[in-house]
Amino acid sequence: MHFLGLFGALYIRKKHFVRIIIAGGLVYAFFSLLTIFSIFGELRILGLLEYDLYFIGCVLDILLFSTALGYRSYLIHQEKVETQKLLMIESEKNKTLLQQQHNILQKENAREQALASMNKHLQEEVGASLSSIHVFADLSANIMETYPQKSKEYLLRIASLGQNIMDDIGDIIWLANLHHENQHEAFLTRIKNYSHEILVPKQIQMHLTVSNDYYNIPLSEEF
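In this note's numbering, the protein residues as written are 829 to 1051.
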(Lines of atoms letter the chains of each structure in order from A and count residues from 1; the text may use other names and numbers.)
(Lines give C-alpha, C1' and ligand atoms only; values in the text may rest on other atoms or scores of the structure.)
Protein backbone atom coordinates (compact mmCIF):
# COMPACT_ATOMS: atom_id res chain seq x y z
CA MET A 1 0.00 0.00 0.00
CA HIS A 2 2.86 2.31 0.81
CA PHE A 3 4.31 1.87 -2.70
CA LEU A 4 0.92 2.34 -4.31
CA GLY A 5 0.40 5.59 -2.40
CA LEU A 6 3.79 6.92 -3.45
CA PHE A 7 3.28 5.91 -7.09
CA GLY A 8 -0.14 7.56 -7.05
CA ALA A 9 1.31 10.76 -5.61
CA LEU A 10 4.12 10.66 -8.20
CA TYR A 11 1.55 10.39 -10.97
CA ILE A 12 -0.74 13.11 -9.64
CA ARG A 13 1.88 15.70 -8.74
CA LYS A 14 3.12 17.80 -11.65
CA LYS A 15 5.81 19.89 -10.00
CA HIS A 16 9.33 18.53 -10.42
CA PHE A 17 10.28 19.55 -6.87
CA VAL A 18 7.54 17.40 -5.32
CA ARG A 19 8.17 14.51 -7.72
CA ILE A 20 11.86 14.35 -6.79
CA ILE A 21 10.96 14.16 -3.08
CA ILE A 22 8.41 11.41 -3.78
CA ALA A 23 11.01 9.57 -5.86
CA GLY A 24 13.36 9.72 -2.85
CA GLY A 25 10.61 8.20 -0.71
CA LEU A 26 10.12 5.41 -3.25
CA VAL A 27 13.84 4.64 -3.31
CA TYR A 28 13.96 4.62 0.49
CA ALA A 29 10.93 2.31 0.70
CA PHE A 30 12.33 0.03 -2.01
CA PHE A 31 15.68 -0.44 -0.27
CA SER A 32 13.92 -0.87 3.08
CA LEU A 33 11.93 -3.71 1.53
CA LEU A 34 15.13 -5.24 0.13
CA THR A 35 16.64 -4.97 3.61
CA ILE A 36 13.74 -6.93 5.08
CA PHE A 37 14.09 -9.65 2.42
CA SER A 38 17.86 -9.80 3.03
CA ILE A 39 17.46 -10.11 6.81
CA PHE A 40 14.77 -12.74 6.83
CA GLY A 41 16.09 -14.65 3.81
CA GLU A 42 19.76 -14.20 4.73
CA LEU A 43 20.34 -13.23 1.09
CA ARG A 44 22.77 -10.95 -0.66
CA ILE A 45 20.94 -8.51 -2.87
CA LEU A 46 22.87 -6.31 -5.32
CA GLY A 47 25.98 -7.66 -3.64
CA LEU A 48 24.91 -6.16 -0.32
CA LEU A 49 23.68 -7.77 2.86
CA GLU A 50 21.05 -6.70 5.37
CA TYR A 51 21.54 -3.15 6.74
CA ASP A 52 23.98 -2.17 3.96
CA LEU A 53 20.95 -2.04 1.67
CA TYR A 54 19.13 0.17 4.18
CA PHE A 55 22.06 2.60 4.38
CA ILE A 56 22.21 2.76 0.57
CA GLY A 57 18.49 3.59 0.50
CA CYS A 58 18.99 6.32 3.12
CA VAL A 59 21.91 7.83 1.17
CA LEU A 60 19.97 7.83 -2.10
CA ASP A 61 16.94 9.35 -0.37
CA ILE A 62 19.13 12.10 1.13
CA LEU A 63 20.74 12.76 -2.28
CA LEU A 64 17.36 13.03 -3.99
CA PHE A 65 16.01 15.27 -1.22
CA SER A 66 19.09 17.51 -1.50
CA THR A 67 18.59 17.60 -5.26
CA ALA A 68 14.97 18.64 -4.73
CA LEU A 69 16.02 21.42 -2.36
CA GLY A 70 18.67 22.57 -4.84
CA TYR A 71 16.12 22.59 -7.63
CA ARG A 72 13.71 24.52 -5.44
CA SER A 73 16.41 27.08 -4.65
CA TYR A 74 17.10 27.39 -8.38
CA LEU A 75 13.42 28.04 -9.07
CA ILE A 76 13.26 30.67 -6.32
CA HIS A 77 16.36 32.34 -7.75
CA GLN A 78 14.82 32.34 -11.22
CA GLU A 79 11.63 33.86 -9.83
CA LYS A 80 13.66 36.59 -8.14
CA VAL A 81 15.55 37.29 -11.35
CA GLU A 82 12.31 37.51 -13.35
CA THR A 83 10.75 39.72 -10.68
CA GLN A 84 13.78 42.02 -10.74
CA LYS A 85 13.58 42.20 -14.53
CA LEU A 86 9.89 43.12 -14.37
CA LEU A 87 10.61 45.71 -11.68
CA MET A 88 13.39 47.20 -13.81
CA ILE A 89 11.09 47.33 -16.84
CA GLU A 90 8.36 49.01 -14.80
CA SER A 91 10.93 51.38 -13.31
CA GLU A 92 12.13 52.37 -16.79
CA LYS A 93 8.54 52.86 -17.92
CA ASN A 94 7.82 55.05 -14.90
CA LYS A 95 11.06 56.95 -15.47
CA THR A 96 10.15 57.55 -19.11
CA LEU A 97 6.63 58.62 -18.12
CA LEU A 98 7.97 61.02 -15.49
CA GLN A 99 10.43 62.45 -18.02
CA GLN A 100 7.61 62.95 -20.53
CA GLN A 101 5.50 64.68 -17.90
CA HIS A 102 8.48 66.82 -16.92
CA ASN A 103 9.03 67.79 -20.56
CA ILE A 104 5.35 68.67 -20.95
CA LEU A 105 5.47 70.83 -17.83
CA GLN A 106 8.64 72.52 -19.06
CA LYS A 107 7.01 73.28 -22.42
CA GLU A 108 3.90 74.59 -20.69
CA ASN A 109 6.00 76.78 -18.39
CA ALA A 110 8.05 78.05 -21.33
CA ARG A 111 4.85 78.79 -23.24
CA GLU A 112 3.32 80.62 -20.28
CA GLN A 113 6.49 82.65 -19.84
CA ALA A 114 6.56 83.48 -23.56
CA LEU A 115 2.92 84.58 -23.47
CA ALA A 116 3.55 86.67 -20.36
CA SER A 117 6.59 88.28 -22.01
CA MET A 118 4.62 89.03 -25.18
CA ASN A 119 1.75 90.43 -23.14
CA LYS A 120 4.11 92.67 -21.19
CA HIS A 121 5.77 93.84 -24.40
CA LEU A 122 2.40 94.72 -25.95
CA GLN A 123 1.35 96.58 -22.82
CA GLU A 124 4.59 98.56 -22.91
CA GLU A 125 3.95 99.39 -26.57
CA VAL A 126 0.43 100.56 -25.73
CA GLY A 127 1.80 102.72 -22.93
CA ALA A 128 4.47 104.21 -25.18
CA SER A 129 1.90 104.89 -27.93
CA LEU A 130 -0.43 106.62 -25.46
CA SER A 131 2.44 108.82 -24.29
CA SER A 132 3.29 109.67 -27.90
CA ILE A 133 -0.36 110.50 -28.63
CA HIS A 134 -0.40 112.85 -25.65
CA VAL A 135 2.77 114.60 -26.88
CA PHE A 136 1.58 114.92 -30.49
CA ALA A 137 -1.84 116.15 -29.32
CA ASP A 138 -0.21 118.93 -27.29
CA LEU A 139 2.07 119.87 -30.17
CA SER A 140 -0.80 119.86 -32.65
CA ALA A 141 -2.95 122.05 -30.38
CA ASN A 142 -0.13 124.57 -29.91
CA ILE A 143 0.66 125.00 -33.62
CA MET A 144 -2.78 124.43 -35.13
CA GLU A 145 -3.26 128.13 -36.01
CA THR A 146 0.33 129.03 -36.88
CA TYR A 147 1.41 125.83 -38.65
CA PRO A 148 -1.74 124.03 -39.81
CA GLN A 149 0.16 121.70 -42.16
CA LYS A 150 2.50 120.55 -39.40
CA SER A 151 -0.47 120.17 -37.08
CA LYS A 152 -2.11 117.92 -39.68
CA GLU A 153 1.01 115.70 -39.76
CA TYR A 154 0.81 115.34 -35.99
CA LEU A 155 -2.86 114.42 -36.23
CA LEU A 156 -2.05 111.75 -38.83
CA ARG A 157 0.60 110.36 -36.50
CA ILE A 158 -1.96 110.33 -33.70
CA ALA A 159 -4.36 108.40 -35.95
CA SER A 160 -1.61 105.91 -36.85
CA LEU A 161 -0.67 105.46 -33.20
CA GLY A 162 -4.33 104.98 -32.34
CA GLN A 163 -4.56 102.20 -34.93
CA ASN A 164 -1.43 100.59 -33.48
CA ILE A 165 -2.96 100.75 -30.01
CA MET A 166 -6.11 99.05 -31.27
CA ASP A 167 -4.01 96.32 -32.87
CA ASP A 168 -1.95 95.84 -29.70
CA ILE A 169 -5.05 95.69 -27.51
CA GLY A 170 -6.53 93.15 -29.91
CA ASP A 171 -3.34 91.07 -29.55
CA ILE A 172 -3.51 91.32 -25.76
CA ILE A 173 -7.13 90.15 -25.72
CA TRP A 174 -6.30 87.35 -28.16
CA LEU A 175 -3.40 86.15 -25.99
CA ALA A 176 -5.58 86.28 -22.87
CA ASN A 177 -8.19 84.04 -24.49
CA LEU A 178 -5.72 81.66 -26.13
CA HIS A 179 -5.83 78.07 -24.85
CA HIS A 180 -3.56 75.16 -25.71
CA GLU A 181 -6.49 72.97 -26.71
CA ASN A 182 -7.65 75.24 -29.54
CA GLN A 183 -4.44 77.02 -30.50
CA HIS A 184 -4.47 75.66 -34.06
CA GLU A 185 -7.97 76.99 -34.65
CA ALA A 186 -7.08 80.27 -32.93
CA PHE A 187 -4.03 80.65 -35.16
CA LEU A 188 -6.16 80.16 -38.28
CA THR A 189 -8.72 82.67 -37.05
CA ARG A 190 -5.95 85.15 -36.35
CA ILE A 191 -4.55 84.77 -39.87
CA LYS A 192 -8.01 85.21 -41.41
CA ASN A 193 -8.76 88.35 -39.40
CA TYR A 194 -5.35 89.90 -40.02
CA SER A 195 -5.55 89.16 -43.75
CA HIS A 196 -9.08 90.57 -43.88
CA GLU A 197 -7.97 93.83 -42.25
CA ILE A 198 -5.16 94.29 -44.78
CA LEU A 199 -6.65 92.98 -48.02
CA VAL A 200 -10.30 94.05 -47.90
CA PRO A 201 -9.58 97.81 -48.03
CA LYS A 202 -7.42 97.15 -51.10
CA GLN A 203 -10.14 94.95 -52.66
CA ILE A 204 -7.82 91.93 -52.83
CA GLN A 205 -9.42 88.49 -52.61
CA MET A 206 -7.81 85.72 -50.58
CA HIS A 207 -8.42 81.97 -50.44
CA LEU A 208 -6.94 80.11 -47.47
CA THR A 209 -6.20 76.39 -47.95
CA VAL A 210 -5.55 74.29 -44.83
CA SER A 211 -3.69 70.98 -45.08
CA ASN A 212 -5.24 67.88 -43.52
CA ASP A 213 -2.09 67.40 -41.43
CA TYR A 214 -2.19 70.93 -40.02
CA TYR A 215 -3.92 69.99 -36.76
CA ASN A 216 -1.39 67.18 -36.13
CA ILE A 217 1.65 69.44 -36.49
CA PRO A 218 2.82 71.13 -33.26
CA LEU A 219 3.11 74.89 -33.51
CA SER A 220 6.53 76.41 -32.90
CA GLU A 221 7.44 78.33 -29.77
CA GLU A 222 7.43 81.56 -31.81
CA PHE A 223 3.69 81.13 -32.25
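Glycine included, every Cβ here is placed at the ideal spot set by N, Cα and C.
By the neighbour-count criterion, in which 16 or more other beta carbons inside 10 Å mark a residue as buried, Tyr1022 falls on the exposed side.
Excluding residues up to 5 positions away in sequence, Tyr982 lie with their Cβ nearer than 7 Å to the Cβ of Leu967 in the same chain. By the criterion of a C-beta distance shorter than 6 Å, Ile997 is surrounded by no residue of its chain, once the five residues flanking it on both sides are discounted.
A distance below 8 Å separates the beta carbons of Ser979 and Ile971. Cα atoms of Asp880 and Lys908: separation of roughly 42 Å, rounded to the nearest angstrom. Asp966: member of the alpha helix (DSSP H) spanning Tyr879 to Ile971, first to last residue.
Taking a 10 Å sphere around the C-beta of Tyr902, we find fewer than 16 other C-beta atoms and assign the residue as exposed. In this structure Gly885 is buried. Its beta-carbon is surrounded by 16 or more other beta-carbon atoms within 10 angstroms. Residues of the same chain with a CB within less than 7 Å of the CB of Ile848, apart from the 5 flanking positions on each side, are Leu892, Thr895, Ala896 and Tyr899 in chain order.
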